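Here is the structure we will look at, set down as structure tokens.
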Amino acid sequence: MVRILANGDIVEDDDPRVRSTQPTQRPNSRIPPRQEHGDFAQQGQPISIFQVLNQKLLAFGIPPFNIGDLVIQPIVSVGLLLSLLLFGIHGLIFGAILFAVERHWLGLGVNLMTLRIVGIA
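Numbering of the sequence shown is given in the UniProt record's numbering, commencing with residue 1 and proceeding in unit increments.
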């Protein structure tokens, strides 16, 4: 193998100039330890891309808001806004219906796996 020196010379690995210019490893590395994504990774649960995007939107400063007793997360707000921009009022209505159906199923405590086992979905 070959190495490229700081001055642009290409030399073999066993060249004495390579040994003299190699930086020594310091015990305190500049690379910080890798951090996991918030509380999701600490609980051992799989991290969803939607959870990560929602956390990034919250960190960006988009707050959740309430409609009655429902908390509308930033990912839902951005999704509805994008559907409105891309598909017009039809996209907004479709997104609102999907949101209502999803809230209804969560309120009943039914998930998609239960429906597949029963044979409905």
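The C-beta atom is built at its ideal place from N, Cα and C for all residues, glycine as well.
Just so you know, these numbers come straight off a predicted model, no measurement behind them.
Separation of residue j from residue i, as counted between CA atoms
i, j, result
"SER48", "LEU84", "24 Å"
"GLY91", "GLY79", "10 Å"
"VAL71", "PRO46", "23 Å"
"GLY68", "LEU81", "20 Å"
"GLY95", "ALA6", "57 Å"
"LEU58", "PRO16", "54 Å"
"PRO64", "SER77", "8 Å"
"LYS56", "PHE99", "21 Å"
Coarse secondary structure for residue i, derived from DSSP in three states
i, result
"LEU53", "helix"
"LEU5", "coil"
"ILE93", "helix"
For residue i, the first and last residue of its enclosing alpha helix (DSSP H)
i, result
"LEU82", "74 to 87"
For residue i, the first and last residue of its enclosing beta strand (DSSP E)
i, result
"ILE10", "10 to 12"
"ILE67", "65 to 67"
CB-CB length for residue i against residue j, believed under 8 Å
i, j, result
"PHE50", "ILE75", "6 Å"
"ILE10", "VAL18", "Going by Cβ atoms, the distance from ILE10 to VAL18 rounds to 11 Å, so no, they are not a contact pair."
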